[in-house]
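Residue numbers (the numbering used here): 558 to 810.
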Amino acid sequence: MKMHILDGGRLRMRRRIYVPDADKAEMIELPVIAVLFRHEKGNILYDTGCHPSVSTAAETRWGKLASVMTPIGDHTSNVIDSLRDLGLSPDDIDIVVNSHFHPDHCGCNEFFRSARFICHEEELKVARASGAEALGYLASEWDHPMALEAVTDGHDVLGDDKLVVVALPGHTPGLIGLHARLERTGAVLLVSDAVSLRRNLDHDEVPKNAWNSEALLASYVRIRTYETEGAMIVCGHDDEQWQALRKGADAYE
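Set out below in structure tokens:
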């Protein structure tokens with residue numbers, strides 16, 4: 558099995574959302590990450606990044622949310638282009654695992670019409686609830702006619718223990734990470750916005766956009782356990798880590 562780190566877009570936000578002592582006016586640039594696994598049983602995509610249109614018309618698609626997390630207009634890369642660079646189209650993806658349903662993580666869902674989708678049952682519940690849009694859940698981003706399976710912690714995506722769902726609530730009620738077992742690299746834990754910036758995990762910092770601080774701190778403990786056991790932790794939006802990761806065709810095996 559190979560793991561490809563994909564470019565899903567780029568955002569600009571107030572740094573103070575993630576770093577408590579940052580100046581109110583200070584901004585931070587955040588990569589949007591998606592990950593492709595090429596397995597003998599099929600192609601599995603973890604998150605789908607931002608919709609291509611937000612690089613030029615974010616407010617049209619995201620509304621007021623675009624003023625909080627603003628796509629960087631001259632950064633036009635997206636998951637569809639990233640897959641094309643690997644010789645793949647959306648129809649080549651068999652399974653999409655959505656970490657959660659915020660629009661920078663499921664923005665390209667609509668393109669994967671041949672895929673089966675996986676999310677956590679709690680995430681689906683809150684995304685369907687009254688008032689979900691005020692919490693950042695936009696139905697146009699995630700609610701599509703493709704097959705959607707709501708799962709719980711420990712779900713084995715392919716039945717061979719190589720890709721296993723890890724429940725990491727806190728940022729949202731049903732955020733899920735994905736634990737991968739690669740032959741050469743070893744264990745990898747994709748954590749999405751359970752750890753947006755590595756420093757949040759290192760300093761027990763709870764970002765202002767977290768749904769529940771106690772749940773998030775408990776997820777930090779769980780993530781540290783995986784790391785102690787040797788897993789490589791891939792954060793949701795850490796630019797320093799992004800710069801160091803192998804990307805695109807330069808796969809982890």
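Heads up, the beta-carbon is just placed ideally off N, CA and C, and yes, glycines get one too. All values derive from a computational prediction rather than experimental measurement.
Spatial distance of residue i from residue j (CA atoms)
i: A737; j: V654; result: 13 Å
i: L746; j: E586; result: 23 Å
i: E849; j: A615; result: Given that the chain is displayed from residue 558 to residue 810, the structure contains no residue 849 and the question cannot be resolved.
i: V752; j: P588; result: 13 Å
i: L774; j: D761; result: 7 Å
i: H712; j: V721; result: 6 Å
i: M789; j: N666; result: 26 Å
i: R779; j: M626; result: 28 Å
i: M560; j: L568; result: 24 Å
i: D710; j: T782; result: 16 Å
i: H794; j: L802; result: 12 Å
i: T729; j: F594; result: 24 Å
i: D717; j: V791; result: 22 Å
i: N769; j: Y575; result: 14 Å
i: K719; j: A808; result: 16 Å
Residue i, enclosing beta strand (DSSP E) - first and last residue
i: R779; result: Where R779 is concerned, there is no enclosing beta strand (DSSP E), although the alpha helix (DSSP H) it sits in stretches over 770-785.
i: M789; result: 789-792
Residue i - containing alpha helix (DSSP H), residue span
i: R685; result: 678-685
i: T692; result: Note on residue identity: the sequence assigns Leu, not Thr, to residue 692. That residue, L692, is in no alpha helix (DSSP H); it is neither H nor E in DSSP.
i: A801; result: 796-801
Option in the options with minimal Cα separation from residue i
i: I637; options: H728, L645, S697; result: L645
i: R670; options: D651, H659, L681; result: D651
i: W799; options: T605, A788, L754, N766; result: L754
i: L725; options: R573, C676, V576; result: C676
i: H632; options: T617, G599, S610; result: S610
i: S656; options: A686, W768, A591; result: A591
i: A684; options: H659, R673, L568; result: H659
i: R572; options: Y777, V763, V791, L802; result: V763
i: L602; options: P647, S612, S687; result: P647
i: L622; options: N766, G805, R673, S634; result: N766
i: S776; options: K682, V723, K581, K719; result: V723
i: F668; options: A808, N635, G743; result: N635
i: D649; options: D661, H662, G630, R673; result: R673
i: G787; options: A744, D796, E797; result: A744
i: D604; options: D796, W699, E784, T785; result: W699
Residue j beta carbon less than 8 Å from that of residue i
i: L732; j: W619; result: no
i: G727; j: S749; result: no
i: G664; j: H608; result: yes
i: A707; j: E678; result: yes
i: S639; j: L563; result: yes
i: L758; j: H596; result: no
i: M570; j: M558; result: no
i: G599; j: G565; result: no
i: R756; j: E810; result: no
i: G805; j: D642; result: yes
Any C-beta of chain D under 8 Å from that of residue i
i: G716; result: In summary, chain D is missing from the structure at hand, where a single protein chain is found.
Point to revise | Completely contained beta strand (DSSP E) runs for the region 565-621, where each covers 3 or more residues | key: 584-596, 599-603
**Study point:** Within the region 694-742, ranges of the beta strand (DSSP E) (whole runs, at least 3 residues)
**Key:** 705-708, 720-724, 733-739
Exercise for review: Entirely within the region 626-688 and at least 4 residues each: give me those alpha helix (DSSP H) ranges in chain order.
Suggested key: 636-641, 660-663, 678-685
Exercise for review: Please list the segments of the beta strand (DSSP E) lying wholly inside the region 740-766, counting only runs of 3 or more residues, in order along the chain.
Suggested key: 743-749
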